[in-house]
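Position in the sequence shown (from 1) plus 1000 gives the number in this note's numbering. From the three backbone atoms N, C-alpha and C, an ideal C-beta is built for every residue, glycine too.
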Amino acid sequence: MALIHNLGFPRIGAKRELKFAQEAFWKGDASADQLLATAADIRSGNWQLQQALDLVPVGDFSLYDQVLDMSFTLGNLPKRVAGLAGSELDNYFRLARGRSANDSACNCIHAGEMTKWFDTNYHYIVPEVTAETAFSLNPERLLSQFAEARQQGVHAKPVIIGPVTYLWLCKEKDNSNRLDLLDKLLPLYSALLEQLADAGAEWVQIDEPALVTDLDASWKHAFEVAYHTLKANRPRLLLATYFGTLQDNLQLACNLPVAGLHIDAVRGREEVGKVVDWLPAHKVLSVGAIDGRNIWKTDLNTTLDWLEPVAAKLGERLWVAPSCSLLHVPVDLESELALDREIVNWLAFAKQKLIELQVLGTALNLGRAAVAAELTANRVAIKLRKESARVHNPAVKNAVSTLAPELGQRKSHYTARALKQRSQLNLPLYPTTTIGSFPQTADIRKARLGFRKQEITAAEYDACMKAEIESSVREQEALGLDVLVHGEAERNDMVEYFGEQLDGYAFSQFGWVQSYGSRCVKPPILFGDISRPKAMTVDWIKYAQSLTDKPMKGMLTGPVTILNWSFVRDDQPRRDTCLQLALAIRNEVLDLEAAGVNIIQIDEAALREGLPLRRSEWQGYLDWAVESFRITANGVKDETQIHTHMCYSEFNDIIEAIAHMDADVITIETSRSDMELLDVFEEFAYPNEIGPGVYDIHSPNIPSQEQIVKLMAKAAERIPAERLWVNPDCGLKTRQWPEVLPALNNMVAAAKTLRETAIS
Ligand code: GLN
Ligand code: ZN
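What follows is the structure, given as structure tokens:
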């Protein structure tokens, strides 16, 4: 009998219940008990949905982030939260976001750095370590959730992040080597496993996704040391790898002394056979056969074609699961009543994936005949999608296959363009700007909702957005910013907004996926060939420009980011889809230019996160990603200034590709790292202009003028002042005006100070 299980379930709730509870708690509108009660409800709801599985993940729930949870479990907290007033929960949120409920601005702290979880759009709080780091076990969260699950009759399988991946995710705050901490860490893991065994856990899922990355000998050795130590403990360990193939770590993974191995058979189908051959005969093999990263229905019949022989070989030793935690897909397709029925029939969200899993399990255990109706329906759905006329547009396919190479080439070199742009725009040294969005106020959300529900007319909605644009323009003028933005009030989301206006896209109503903490995104569904029926942003930008003499930036999302933040089709290479998007956005760029917009920002917030986990695959990705950006951006005349924005600046390895994009200005995220991320510019002379972020927009804290001057002074050590811009880390939509105004005021004042110092 093959066993079916799951690796993790979305924890935000089908209607984002967790988000609303978190935010109410932070605002002081709800008590900690109320927040915890909502959390318990979500957990129990999730477990009910997974009732039919043989093993259900427990401990995958998190109040903010599973890596931060693990840091608390291991007692790895930075010194700056020691001795602060309040509960453990307060410290938890302080590390997550700089402050907890009721913290005043003065007892806020520097939040932990946030970084993308492998190649996903989920962000975790980076654990900090030094040579002195001491761990202490705090198993309470895990034990109590385990007890809670058992009380509810759940076949619970605790989930933890394994010791090597935990260290792999850590960042040293001194010059030590985090791997040296392994010896200190392992006794805690042993103790934790024993306590879980005492509590009744037979299996523990120990996540080690670091095994799908390039590991040097010291990391490989760490795996040996860790698992040879932990094998003495009682629970059986399912070592879970996901997000890719094992490649040169395959033998290592197969031979570690654990009871079972989970592999990602969606991205690594070709490795299944090898793993079956290598895996010692006493071990369980868990095969991740359902895509945990995308929303298409699994082709169940084809999956069974390759899974059945594996089942025949492994018998009881075969487990079947999604490829990774379902954290990365929305909860329930059944809520999508407004979504086109033809398209709904092609999709599966988390809940539907669990049903697919059951069908696979039944087919393997009782034969296909036992689920004949389900398999037939699935075959029909897969065929309908493949043949749908809505998926295929020959003109678009043709445009991509006949792309002329000069499309991506600016007319002149940056130095010549910069001269023309400077004389046209007349900007001061250290020009100030923002990244695009301003706070999405309750009024804006209300108008959007009202419009969607047809409670207000298009004209009323328009007027409301225009009023928002006008007031943000006035605020920016009053602040004295140099390059203005329209504020993106009309955009629900920087990708969905474009998805809604492009052909080839569908969008869900409740398809939320957690991005970080309470922040969720609703990736649109790119199902077919992409084209742009008409201009998407021109009217709004023209309106905003008409209100002011200051330059107004046109604001677009770039093709690579649209691709990386959408659920994209799996029936053609990502490259082809990206080039289709590039052509569509290029037309928008040209329309903006024709409408007299002199500065156009094309956000590529997600370019880096699309980087494959394996270095050997980087160049292939960068080639088409950069080419797509160039096709989008570089058709403009010299006088038009192209900006791009990226929500990170760990460019060390891809700086040449970034430079090759040839944007006139890039704005990047640097403030949390104290400009440390600019080190790369010491070795690589980045040729164009840069705005290193000086305002951490993920935290409610307000940077002082002095802090900003200091940050910029650090930046000026690496990049000549003539090529520096002053701006926040990212867009301000998640912040409140009362935080944004003083912060930007300090930013503008800092720029003035910097100019004066530069002149004197
Ligand atoms: N222009 C976008 C904004 O300001 C950029 C957001 C992002 O980089 N994530 O909201
Ligand atoms: Zn950003």
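{"query": "Member of E1682, L1188 and K1220 whose CA lies at the smallest distance from the CA of N1233", "result": "L1188"}
{"query": "Three-state secondary structure (DSSP) of M1555", "result": "strand"}
{"query": "Three CB pairs or more closer than 8 Å across the stretch 1154-1171 and the stretch 1219-1233", "result": "yes"}
{"query": "Of the residues V1597, I1525, Q1454 and G1045, the one placed nearest Q1421, counting alpha carbons only", "result": "V1597"}
{"query": "Spatial distance of G1499 from V1560 (CA atoms)", "result": "13 Å"}
{"query": "Per-residue DSSP class, three states only, for T1757", "result": "helix"}
{"query": "Cut-off 6 Å between Cβ atoms - residues of its own chain near G1682, not counting five sequence neighbours on either side", "result": "Rather than Gly, the amino acid found at residue 1682 in this sequence is Glu. If we look at E1682 and ignore the five residues flanking it on each side, its Cβ neighbours are R1718."}
{"query": "Per-residue burial, P1728 [other beta carbons within 10 Å of its own, 16 or more giving buried]", "result": "buried"}
{"query": "CB of Q1601 within 8 Å of CB of G1554, strictly", "result": "yes"}
{"query": "Unbroken beta strand (DSSP E) run spanning M1646, endpoints", "result": "Q1641 to M1646"}
{"query": "Beta-carbon spacing of R1178, L1196 below 8 Å", "result": "no"}
{"query": "CB-CB length for E1387 against G1436, believed under 8 Å", "result": "Incorrect: roughly 40 Å between the Cβ atoms, too far for contact."}
{"query": "Distance cut-off 7 Å: E1761 Cβ against heavy atoms of ligand 2", "result": "The displayed coordinates of the chain run from 1001 to 1760. Any statement about residue 1761 would go beyond what the structure contains."}
{"query": "Residues surrounding ligand 2 [beta-carbon distance to nearest heavy atom under 5 Å]", "result": "A1605, C1647 and C1730"}
{"query": "Under 8 Å between C-beta atoms of A1002 and L1364", "result": "yes"}
{"query": "I1109 CB to nearest heavy atom of ligand 1 below 7 Å", "result": "no"}
{"query": "M1494 Cβ short of 7 Å to ligand 1 heavy atom set", "result": "yes"}
{"query": "is_contact[N1301, chain B] using C-beta, thresh 8 Å", "result": "Absent from the structure: chain B. Only one protein chain is present."}
{"query": "Other residues of its chain near S1071: CB distance less than 8 Å, five sequence neighbours each side excluded", "result": "L1077, L1095, I1125 and P1127"}
{"query": "Beta-carbon gap between W1346 and A1395 smaller than 8 Å", "result": "no"}
{"query": "Identity of the residue in A1312, V1212 and D1299 nearest E1271 by Cα", "result": "V1212"}
{"query": "Rounded distance between the beta-carbons of A1101 and W1026, thought under 8 Å", "result": "5 Å"}
{"query": "8 Å Cβ cutoff met for A1111 and H1698", "result": "yes"}
{"query": "Contact test: I1668 Cβ vs ligand 1 heavy atom, cutoff 7 Å", "result": "no"}
{"query": "Local conformation of N1587 per DSSP, three classes", "result": "helix"}
{"query": "Proximity to V1589 [Cα-Cα], best of P1551, I1469, V1709 and K1637", "result": "K1637"}
{"query": "Check: E1475 C-beta below 7 Å from any heavy atom of ligand 1", "result": "no"}
{"query": "Helix, strand or coil at F1527 according to DSSP, with G and I counted as helix", "result": "strand"}
{"query": "Minimum C-alpha distance to D1183 - residue among D1207, H1221 and E1148", "result": "H1221"}
{"query": "Run of the beta strand (DSSP E) containing P1697, from where it starts to where it stops", "result": "Looking at the sequence provided, one finds Ile at residue 1697 rather than Pro. Element bounds for I1697: n/a, residue is neither H nor E."}
{"query": "Simplified DSSP state of T1415, which is helix, strand or coil", "result": "helix"}
{"query": "Meets three-Cβ-pair contact criterion under 8 Å: the stretch 1563-1581 and the stretch 1517-1530", "result": "yes"}
{"query": "Own chain residues within Cβ distance below 6 Å of V1154, not counting five before or after", "result": "W1047 and V1056"}
{"query": "Distance cut-off 7 Å: G1436 Cβ against heavy atoms of ligand 1", "result": "yes"}
{"query": "E1650 CB to nearest heavy atom of ligand 1 below 7 Å", "result": "no"}
{"query": "DSSP state of A1037 mapped onto helix, strand, coil", "result": "helix"}
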